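J.: Just so you know, we're using my numbering here: the sequence shown kicks off at 1170 and counts up by one.
From the three backbone atoms N, C-alpha and C, an ideal C-beta is built for every residue, glycine too.
All of these numbers come straight from a predicted model, not from anything done at the bench.
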Amino acid sequence: MPGGDDIHAYAKEHRRKSDRGQAQALLNIGSLERVNSKKSFPLLELPIWSLDRGAGLVERQEKPVAVNDVEKWSARQLVKLINRETDVNRLKVYVDRLHVVDFPSVEEAQQAMGTVAICVLAYLEDPKLVVAACKMWAHMCDGFDARASARQHAFAAVGGVEALLSGIKRHPKNREVQFSGLHALCKACRGCDSFSDWRKTQASQGGAFELVVRAMHVFSTDEMILHEAIMAISNVAGGINSSAGLRKRRAISAGGIETLSECLELHMSNVSLSHDCLFALHVLYSIDMDLLLEKSQATNKGAAAWKRLSYKWGSMEVEKSKLPMIQLVLKCVEVHPHDGALQATAQLLIGLLTGR
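Okay, structure coming up:
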């Protein structure tokens, strides 16, 4: 140990070494931060909320994006924001914005729908996020052209049907969730080709009919939800192949016919809802119809049966189990005698019920 004036010299030298050590440590930390970048570790570009936080992974600290700036972002930028966000309130804003954004390609739409599906499953307890996701999915699946069909297929391919049904199931008494969810289900299950058949089968096996019937009972007086629910039954069950027959059987076993009958009787004064009910009943009862039967033949048979029902009811040989339904259809026609579309659908349904 030095003494006298040497003590001060030793202290100064010690402080200089300490300062140099701290400076070098800071430089090392800076170098480490530069190495630990997205360029060096591209696999870290995963949705933060999809990572297992119990595995010791450290979340990246992203600079928050001003909510007011979201309207300026493109679809691709919004998807990146969703991948990096952990705040559920911001996620709702980003997902909600996606339902009014145009997607230039099916691939980008598929990426967005898949990202939102994972997001919904991660935050399934938040009804507002589920509503925002359902609106976005309905927007993506809207349309009848080839691009719309491709987006609908992409929706099912990335797990969208599972996420959609999970959201509907988790919030059975939330009106917004039920309405937006059933609306998205209608859009996603349109069409009559093999691809739409695959989507419909996914929905049926996922419990779509059971969820729709439950919603019709919970919201039995809400005509907007009933309209979406009835259209969902028609779209998911519709088809003319063997898998469509399986879907119709599942819809019937879930209580579809009884629920539609109750809805028709309760809302018979509403011509639009009555027509929807008759059409959905026609879809379900067509399970017994010859697959090769042309629509014109069905119309003629229905019209002939209609005439017999009007004048020779007592001589008709009809299954007793179907008599209440026939009487209900006739009553509906009497309430709306001037609606051509309803009359035509009723004739088709009578033809199926009477087997004529």
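How about K1417 and L1380: are their beta carbons less than 8 Å apart?
T.: The residue given as residue 1417 occupies position 248 in the sequence shown. The residue given as residue 1380 occupies position 211 in the sequence shown. The answer is no: Cβ separation not under 8 Å.
J.: K1304: buried (16+ other C-beta within 10 angstroms of its C-beta) or exposed?
T.: Taking the sequence shown and counting its residues from 1, the one referred to as residue 1304 is at position 135. With 16 or more Cβ atoms within 10 Å of its Cβ, K1304 is classed as buried.
J.: Does the stretch 1438-1457 come close enough to the stretch 1380-1397 that 3 or more CB-CB pairs lie under 8 Å?
T.: Touching, yes, given that three or more Cβ pairs across the two stretches are closer than 8 Å.
J.: Between the C-alpha atoms of H1451 and T1523, what's the straight-line distance to the nearest angstrom?
T.: Counting from one through the sequence shown, the residue named residue 1451 turns up at place 282. Counting from one through the sequence shown, the residue named residue 1523 turns up at place 354. Computed Cα separation, rounded: 12 Å.
J.: Going by DSSP, what residue range makes up the alpha helix (DSSP H) through W1306?
T.: Numbered from 1 along the sequence shown, position 137 holds the residue referred to as residue 1306. Unbroken alpha helix (DSSP H) run through W1306: 1296-1310.
J.: What does a CB cutoff of less than 7 Å around F1527 pick up in its chain, not counting 5 residues either side in sequence?
T.: In the structure as shown, the chain starts at 1170 and stops at 1525, and residue 1527 therefore has no counterpart that could be examined.
J.: Could you tell me the alpha carbon to alpha carbon distance between G1414 and I1495, rounded to whole angstroms?
T.: Residue 1414 sits at position 245 when you count from the first residue of the sequence shown. Residue 1495 sits at position 326 when you count from the first residue of the sequence shown. Cα to Cα, the separation comes out at about 22 Å.
J.: Output the boundary residues of the alpha helix (DSSP H) element that contains D1256.
T.: As a working note, residue 1256 is residue 87 in the sequence shown. No alpha helix (DSSP H) contains D1256, which DSSP labels as neither H nor E.
J.: Would you tell me roughly how many angstroms separate the C-alpha atoms of V1300 and K1489, rounded to the nearest one?
T.: Translated into positions along the sequence shown, residue 1300 becomes position 131. Translated into positions along the sequence shown, residue 1489 becomes position 320. Roughly 44 Å between the two C-alpha positions.
J.: Going by C-alpha to C-alpha distance, which of A1377, R1259, N1404, N1410 sits closest to G1424?
T.: Along the sequence shown, read from residue 1 onward, the residue named residue 1424 stands at position 255. Of A1377, R1259, N1404, N1410, the residue nearest in Cα terms is A1377.
J.: Compute the beta-carbon to beta-carbon distance between V1330 and A1372, rounded to the nearest angstrom, for a pair I have assumed lies under 8 Å.
T.: Locating residue 1330 in the sequence shown gives position 161, where the first residue counts as 1. Locating residue 1372 in the sequence shown gives position 203, where the first residue counts as 1. With 8 Å as the limit, V1330 and A1372 qualify as a contact, their Cβ atoms being about 5 Å apart.
J.: What do you get for Q1374, buried or exposed, if any count of 16 or more other CB atoms within 10 angstroms of its CB means buried?
T.: The residue you call residue 1374 lines up with position 205 of the sequence shown. Flag for Q1374 reads exposed.
J.: Assuming L1333 and A1401 form a contact by the criterion Cβ under 8 Å, report the distance between their Cβ atoms to the nearest whole angstrom.
T.: Along the sequence shown, one-based indexing puts residue 1333 at 164. Along the sequence shown, one-based indexing puts residue 1401 at 232. No, L1333 and A1401 are not in contact; Cβ-Cβ is about 11 Å, not under 8 Å.
J.: Report yes if the CB atom of V1264 is closer than 8 Å to the CB atom of V1285, and no otherwise.
T.: Sequence index remark: in the sequence shown, residue 1264 carries index 95 (1-based). Sequence index remark: in the sequence shown, residue 1285 carries index 116 (1-based). Their beta carbons are under 8 Å apart, which means V1264 touches V1285 by this criterion.
J.: Is the CB-CB distance between L1497 and S1430 below 8 Å?
T.: By 1-based counting over the sequence shown, the position of residue 1497 is 328. By 1-based counting over the sequence shown, the position of residue 1430 is 261. Cβ distance < 8 Å, so L1497 and S1430 count as in contact.
J.: Measure the C-alpha to C-alpha separation of P1341 and S1335 and round it to an integer number of angstroms.
T.: In the sequence shown, the residue the question calls residue 1341 occupies position 172. In the sequence shown, the residue the question calls residue 1335 occupies position 166. So the two alpha carbons sit approximately 10 Å from each other.
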